Amino acid sequence: MVSRISKINIAAATGGVITAGLMAWDAYRLWGNRDYDAAIGTSIMAAGTLLGTIGATFFETSATFLGLGPVGWFTLLVVGAGFAITYYCTDQPMEVWLKNGPFGKAPAEDGVYAYLSDSPEDAYIQLLNLFVNLKVECYAIDSSPLRADKKQLLKARHYSHYIYVHSNIAQLLNMSKQDLQIHTRFREVVEQTITSGSVAQSQSDRGRYTSRGQEAAPYYVKPVKLKPIIPAEELVVAEGRLYFFRATLPLSKPVPAGADTIRYRNNIQALIQIRGGEMIFPQPPLDQVEKAEENLKAGKISLDQASFEAGQPTGFFESLFDAPKTHPENYYWADSRDQN
1 MVSRISKINI AAATGGVITA GLMAWDAYRL WGNRDYDAAI GTSIMAAGTL LGTIGATFFE
61 TSATFLGLGP VGWFTLLVVG AGFAITYYCT DQPMEVWLKN GPFGKAPAED GVYAYLSDSP
121 EDAYIQLLNL FVNLKVECYA IDSSPLRADK KQLLKARHYS HYIYVHSNIA QLLNMSKQDL
181 QIHTRFREVV EQTITSGSVA QSQSDRGRYT SRGQEAAPYY VKPVKLKPII PAEELVVAEG
241 RLYFFRATLP LSKPVPAGAD TIRYRNNIQA LIQIRGGEMI FPQPPLDQVE KAEENLKAGK
301 ISLDQASFEA GQPTGFFESL FDAPKTHPEN YYWADSRDQN
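Each residue of the sequence shown is one higher than the one before, starting from 1 at the first, in UniProt numbering.
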C-alpha cells in the first residue's frame, strides 16, 4: 500500500465511488421494477467499479498487458460481465407488459406497473401503444427524399418545408382514417448552428446544411427565433397527412468562429396527437404512466394543449445533469424533435 495518495488519485477515487453509487441506485430501481436479472447485472457492474476504484487507489501494480495491471483487468472483466448481463437481460416493453399485466404469472401489486393489473382498460391501451407506429417527419424541401421534379414543383409554390405524419393507428383500431382526429401544433424556428469548416465552404455548400443536417451535421444547434406557423396546405394521403409550410423568418449570414462557422437555418417543429374514439396516442412509456397521470391532475401537462416547452431543460444544471424538468415531459404528444 502506498504511503501517500496523490490528489489525482483522490479525485479519481471520488469519481469511481460516485459512478458505483449511481449504478447501485440504478440496480435498486430495476429491482423495484421487478427486472431482477438486469438488476443483478447492474449490481455486478457497481461492485466491479467500486472494487476497481479501491484497488487502483490503495495498491500500486505494474502494467502487464495492453497497459492494464491485474486490478485493471479484474475490474474490466467484472464490469464487462455485469454489462453483458444487463444488456441482454433488461426487459423490453412487451416483456414488461406480459410480466406485470393481467396475464402475468405474478402481476405487479405495487410499484410503477401496478396499474397494469389493477386497470384492464389502461393495460389494453398500453398494449395497443406498444404496437403503434406514429412518425412525424420534418423536411426542408432541398434536403427531402423527394425526386428533383417534385422538389422543383414545391419550390415553385414557394414551399420551404413539409411535415409528413403517418401511423398505423387506423388499422390497429379498425377505423377509417376519416374517423381519426389529428391534433397539431406547429412553429417556425431559426436555429443557430456551428459546423466545422470556413465561411467560404459554408456559403458554397449552403444547400447541404438543412433542417435535417444530413451532411456535415452541425455539432451545436440552438433556437434563437421562433413563432407559431400554420400550414399553407394540407393533404390527406394513403398513409397519413402532409403539411406544407412557407418559412418567413429572416436568416443572418454565416460568420467565422475560428476554424468553424456560425450559421442560421429555418426549421419547422411539430407536436402531433391522434385520437381514435376515447383513445389517445402516443401514450407514456409503461413506467411513466402513473407519473404522467399525476402531472395531468396537477395541471403540469395537458391532453388538449400542447407545449413545446414540455420536457425541455430550462437551465444549465438541468441540461448538464438531466435534473427534473420544470416543465415535465408531455408524453401524450409526439414531438418532431425526438424523431429528426
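By construction, the Cβ of each residue, glycine as well, lies at the ideal position given by its N, Cα and C atoms.
Note that the structure is predicted; figures quoted are calculated from it, not measured.
- Item | As assigned by DSSP and simplified to three states, the class of Arg-187 | Start at 1 with the first residue of the sequence shown, and residue 187 comes out as number 187. Reduced to three states, the DSSP call for Arg-187 is strand.
- Task: Return the chain-ordered list of same chain residues with a C-beta closer than 6 Å to the C-beta of Lys-135, the five sequence neighbours on each side being excluded.
- Result: Start at 1 with the first residue of the sequence shown, and residue 135 comes out as number 135. His-166, listed in sequence order.
- Using three-state DSSP, classify Ala-200 as helix, strand or coil. Within the sequence shown, the letter at position 200 stands for residue 200. Legend: pLDDT at Ala-200 = 46, less than 50; position of this residue unreliable, value from coordinates given subsequently. In this structure, Ala-200 counts as helix in the three-state DSSP scheme.
- Could you tell me if Ile-229 is buried or exposed, where buried requires 16 or more neighbouring beta carbons within 10 angstroms of its beta carbon? As a first step, residue 229 is located in the sequence shown; it is residue number 229 there, counting from the start. Buried: at least 16 other Cβ atoms inside 10 Å.
- State the beta-bridge partners of Glu-137 as determined by DSSP. As a first step, residue 137 is located in the sequence shown; it is residue number 137 there, counting from the start. According to DSSP, Glu-137 bridges with Tyr-164.
- State the CB to CB distance for the pair Gln-339 and Glu-191, rounded to an integer number of angstroms; the pair is presumed to be in contact (CB under 8 Å). Locating residue 339 in the sequence shown gives position 339, counting from the first residue. Locating residue 191 in the sequence shown gives position 191, counting from the first residue. Incorrect: roughly 16 Å between the Cβ atoms, too far for contact.
- For Gln-312, which three-state DSSP category applies? By 1-based counting over the sequence shown, the position of residue 312 is 312. Gln-312 falls in the coil class under three-state DSSP.
- Task: Pick helix, strand or coil for Ile-125, following the three-state DSSP scheme.
- Result: Working through the sequence shown from its first residue, we reach residue 125 at position 125. Three-state DSSP puts Ile-125 in a helix.
- Query: Going by the beta-carbon positions, is the gap between Leu-303 and Tyr-332 smaller than 9 Å?
  - Reply: What you label residue 303 is simply residue 303 of the sequence shown in a count that begins at 1. What you label residue 332 is simply residue 332 of the sequence shown in a count that begins at 1. Taking a C-beta distance under 9 Å as the contact criterion, Leu-303 and Tyr-332 qualify as a contact pair.
- Item | Nearest candidate by alpha-carbon position, reference Gly-104, set Ala-170, Ala-123, Ala-27 | Locating residue 104 in the sequence shown gives position 104, counting from the first residue. Nearest C-alpha to Gly-104: Ala-123.
- In whole angstroms, what is the alpha-carbon distance linking Pro-102 and Thr-42? Start at 1 with the first residue of the sequence shown, and residue 102 comes out as number 102. Start at 1 with the first residue of the sequence shown, and residue 42 comes out as number 42. The alpha-carbon atoms of Pro-102 and Thr-42 are separated by roughly 28 Å.
- Does the beta-carbon of Ala-306 have 16 or more other beta-carbons within 10 angstroms, so that it is buried, or is it exposed? For the purposes of this step, residue 306 is taken as the residue at position 306 of the sequence shown. Buried, by the Cβ-count rule.
- Query: So what's Leu-238 in DSSP terms, helix, strand or just coil?
  - Reply: Numbered from its first residue, the sequence shown carries residue 238 at position 238. Position check: residue 238 holds Ala in this sequence, whereas Leu was assumed. Reduced to three states, the DSSP call for Ala-238 is coil.
- Message: So, at 8 Å on beta carbons, what are the nonlocal neighbours of Tyr-115 in its own chain, with the 5 sequence-adjacent residues on each side left out?
- Response: Taking the sequence shown and counting its residues from 1, one reaches residue 115 at position 115. Excluding sequence neighbours, Tyr-115 sits near Asp-122, Ala-123, Val-289, Glu-290.
- Quick one, which of Asn-330, Ala-270, Ser-144, Ile-272 has its alpha-carbon nearest Ala-298's? Within the sequence shown, numbered from 1, the residue matching residue 298 stands at position 298. Answer by Cα proximity: Asn-330.
- Message: Three or more C-beta pairs under 8 Å: does that hold for the segment 250 to 262 against the segment 149 to 156?
- Response: no
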